[in-house]
Ligand SMILES: [Zn+2]
């Protein structure tokens with residue numbers, strides 16, 4: 001009697017340097033934890049737990065699929081305890097890749113027993129040492145530098161979503177997860193027959209592999225114009241307001257979330273779409289970007305259904321009703337403030353109101369998106385910069401440009417043209433074309449106050465209490 005319980009590593013670890021390093025430190029922590037009792041024996045190729053069904057932790061992490069035992073008999077309590085502890089330590093290194101399960105719980109084991117048994121047999125036979133160049137590559141392309149990089153993600157089938165990208169490692173905020181040249185770019189042409197033949201011409205110029213990559217993408221508009229359907233479903237605009245869209249062999253597999261953990265942007269200098277982590281991403285977590293422009297859940301979800309053909313069940317869309325109502329109210333207010341800040345007459349004639357709106361918008365964005373590095377925050381700081389510099393306030397303008405720069409670096413990297421633009425303005429705010437349209441708030445760059453506490457500095461920055 002008793003039940004089987006434990007955890008599986010999904011996806012299993014690679015032979016890559018990061019996975020191996022994380023596994024070695026995990027093994028070290030486990031050794032350390034149990035060094036003073038007889039629960040764990042150190043064997044040449046693995047650690048063995050000596051009670052229960054004697055589960056093993058191999059020294060070669062890529063072979064590991066499962067740690068489990070039957071919880072029964074006089075040792076039941078001890079077995080249960082070490083499974084909990086080992087799983088907890090594993091979670092710290094491998095995040096949601098560690099999948100807990102037990103025989104009677106709602107969480108199922110991932111691997112079959114024959115797979116697990118094969119993996120355990122392989123523990124005894126250490127692998128021949130391998131060179132990094134034999135590591136499987138997931139990113140296609142002919143850039144020799146990229147061929148040597150270890151991809152941070154894996155393309156996997158995601159239940160209910162088709163394919164998607166899953167983090168293979170814990171990924172820090174601001175990391176460039178990948179960048180990719182488009183297979184081709186195309187404008188959104190009308191009539192659609194024209195667009196179809198335009199795409200057909202571009203497809204002919206591609207290699208067979210690239211054609212297959214294109215045809216494997218999802219089409220939300222099947223029918224008479226299949227190529228256009230694939231483009232309409234998958235193209236990412238080459239720039240925020242560009243009518244040109246790009247199609248990417250890997251990036252087009254990245255799924256949507258209304259609270260995404262990554263940001264996509266077109267870098268016109270390197271002619272690539274880049275994907276950056278805008279939050280900390282755990283190994284095993286799906287990498288997501290945002291396909292829409294926000295707004296409350298009803299129109300947002302309707303748009304996602306019409307344009308891309310899916311019902312969004314992301315963390316935001318599946319909030320409880322009262323929480324969703326709070327989120328909707330915030331997103332509606334965000335839209336209104338965004339529109340109000342864009343009113344150039346108001347920026348000219350009532351700049352204090354515009355700046356106050358920027359501050360309110362910042363607070364709402366931080367609450368709703370729980371991040372200080374969303375692209376909308378970079379945009380907001382740039383708006384605040386423009387308001388200040390239009391009225392000759394170089395001191396505040398340089399601070400706002402500095403904050404816009406910080407957010408841009410995280411979302412797009414140092415080499416993005418937009419990042420470089422705000423960096424230049426941080427150093428030389430008066431270089432902006434609107435500088436001196438009015439001198440109502442005139443300051444020089446040197447007038448940024450020193451010695452204020454954080455609250456005092458924010459009050460100065462946003463011109464509060466004047
Ligand atoms: Zn959603």
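In UniProt numbering, the protein residues as written are 1 to 466.
We put the beta carbon where it would ideally sit given N, CA and C, even for glycine.
Pull up the CB-CB distance for residue i and residue j, whole angstroms please, since I reckon it's below 8 Å.
{"i": "residue 388", "j": "residue 400", "result": "6 Å"}
{"i": "residue 210", "j": "residue 178", "result": "That belief does not hold up - the Cβ atoms of residue 210 and residue 178 are roughly 17 Å apart, past 8 Å."}
{"i": "residue 99", "j": "residue 4", "result": "Not quite, the Cβ-Cβ distance comes to about 14 Å (not below 8 Å), so this is no contact."}
{"i": "residue 233", "j": "residue 218", "result": "6 Å"}
{"i": "residue 408", "j": "residue 419", "result": "4 Å"}
{"i": "residue 27", "j": "residue 47", "result": "7 Å"}
{"i": "residue 49", "j": "residue 40", "result": "6 Å"}
{"i": "residue 357", "j": "residue 332", "result": "With 8 Å as the limit, residue 357 and residue 332 do not qualify as a contact, their Cβ atoms being about 15 Å apart."}
{"i": "residue 413", "j": "residue 176", "result": "6 Å"}
{"i": "residue 278", "j": "residue 374", "result": "6 Å"}
Under a Cβ-count criterion, where at least 16 other Cβ atoms within 10 Å of its own Cβ denotes burial, should residue i be classed as buried or exposed?
{"i": "residue 148", "result": "Any reading at residue 148 must be qualified, since the residue scores a pLDDT of 38, below 50, and its modelled position is unreliable; no value is offered."}
{"i": "residue 55", "result": "buried"}
{"i": "residue 44", "result": "exposed"}
{"i": "residue 167", "result": "buried"}
{"i": "residue 180", "result": "buried"}
{"i": "residue 447", "result": "exposed"}
{"i": "residue 121", "result": "exposed"}
{"i": "residue 229", "result": "buried"}
{"i": "residue 112", "result": "exposed"}
{"i": "residue 36", "result": "exposed"}
{"i": "residue 144", "result": "Because residue 144 carries a pLDDT of 36, less than 50, the predicted location of this residue cannot be relied on, and the following value inherits that uncertainty. Answer is exposed; the Cβ neighbour count stays below 16."}
{"i": "residue 104", "result": "exposed"}
{"i": "residue 131", "result": "The predicted model places residue 131 with a pLDDT of 42, which falls under 50 and marks its position as unreliable, so this point remains unresolved."}
{"i": "residue 195", "result": "buried"}
{"i": "residue 186", "result": "buried"}
{"i": "residue 235", "result": "buried"}
{"i": "residue 207", "result": "exposed"}
{"i": "residue 213", "result": "buried"}
{"i": "residue 355", "result": "buried"}
{"i": "residue 454", "result": "exposed"}
{"i": "residue 117", "result": "exposed"}
{"i": "residue 69", "result": "buried"}
{"i": "residue 439", "result": "exposed"}
{"i": "residue 126", "result": "exposed"}
{"i": "residue 293", "result": "exposed"}
{"i": "residue 128", "result": "exposed"}
Could you tell me which residues DSSP puts in a beta bridge with residue i?
{"i": "residue 6", "result": "68 and 101"}
{"i": "residue 393", "result": "443"}
{"i": "residue 272", "result": "267"}
{"i": "residue 245", "result": "186 and 237"}
{"i": "residue 40", "result": "49"}
{"i": "residue 156", "result": "164"}
{"i": "residue 179", "result": "274"}
{"i": "residue 58", "result": "46"}
{"i": "residue 262", "result": "277"}
{"i": "residue 255", "result": "288"}
{"i": "residue 171", "result": "281"}
Please name the residue in the options whose C-alpha comes closest to that of residue i.
{"i": "residue 61", "options": "70, 37, 52 and 10", "result": "10"}
{"i": "residue 89", "options": "165, 363 and 67", "result": "67"}
{"i": "residue 350", "options": "290, 267, 441 and 269", "result": "441"}
{"i": "residue 444", "options": "453, 391, 407 and 451", "result": "391"}
{"i": "residue 463", "options": "453, 396 and 49", "result": "396"}
{"i": "residue 221", "options": "237, 152, 244 and 192", "result": "192"}
{"i": "residue 77", "options": "92, 52 and 63", "result": "52"}
{"i": "residue 242", "options": "30, 345 and 265", "result": "265"}
{"i": "residue 157", "options": "226, 365 and 254", "result": "254"}
{"i": "residue 114", "options": "151, 159 and 65", "result": "65"}
{"i": "residue 244", "options": "427, 225, 223 and 268", "result": "268"}
{"i": "residue 435", "options": "453, 394, 124 and 18", "result": "394"}
{"i": "residue 6", "options": "107, 162, 174 and 425", "result": "107"}
{"i": "residue 378", "options": "189, 422 and 95", "result": "422"}
{"i": "residue 93", "options": "376, 337, 281 and 372", "result": "281"}
{"i": "residue 348", "options": "315, 383 and 57", "result": "383"}
{"i": "residue 216", "options": "310, 164, 127 and 322", "result": "164"}
{"i": "residue 16", "options": "74, 189, 154 and 91", "result": "154"}
{"i": "residue 312", "options": "321, 290 and 323", "result": "290"}
{"i": "residue 63", "options": "223, 302, 123 and 427", "result": "123"}
{"i": "residue 59", "options": "30, 385 and 398", "result": "30"}
Should residue i be flagged as near chain B, meaning a C-beta pair shorter than 9 Å?
{"i": "residue 303", "result": "In the displayed structure, chain B is absent; only one protein chain is listed."}
Report whether the distance from the Cβ of residue i to the nearest heavy atom of ligand 2 is below 8 Å.
{"i": "residue 33", "result": "Annotation note on ligand 2: not contained in the displayed structure, which lists ligand 1 as its ligands."}
Could you check whether the stretch 324-332 touches the stretch 283-302, counting it as contact only if at least three pairs of C-beta atoms, one from each stretch, sit closer than 8 Å? yes
Spell out a yes or no on whether the stretch 196-207 and the stretch 255-265 are touching, meaning 3 or more CB-CB pairs, one atom from each, closer than 8 Å. no
Pairs of beta-carbons, one from the stretch 271-287 and one from the stretch 238-255, closer than 8 Å: are there three or more? yes
Three or more C-beta pairs below 8 Å linking the stretch 276-287 and the stretch 303-314: no
Spell out a yes or no on whether the stretch 337-350 and the stretch 358-370 are touching, meaning 3 or more CB-CB pairs, one atom from each, closer than 8 Å. yes
With three or more C-beta pairs closer than 8 Å as the rule, is the stretch 156-175 touching the stretch 17-26? yes
Flag this pair as touching only if the stretch 425-438 and the stretch 452-459 have three or more C-beta atom pairs under 8 Å; answer yes or no. no
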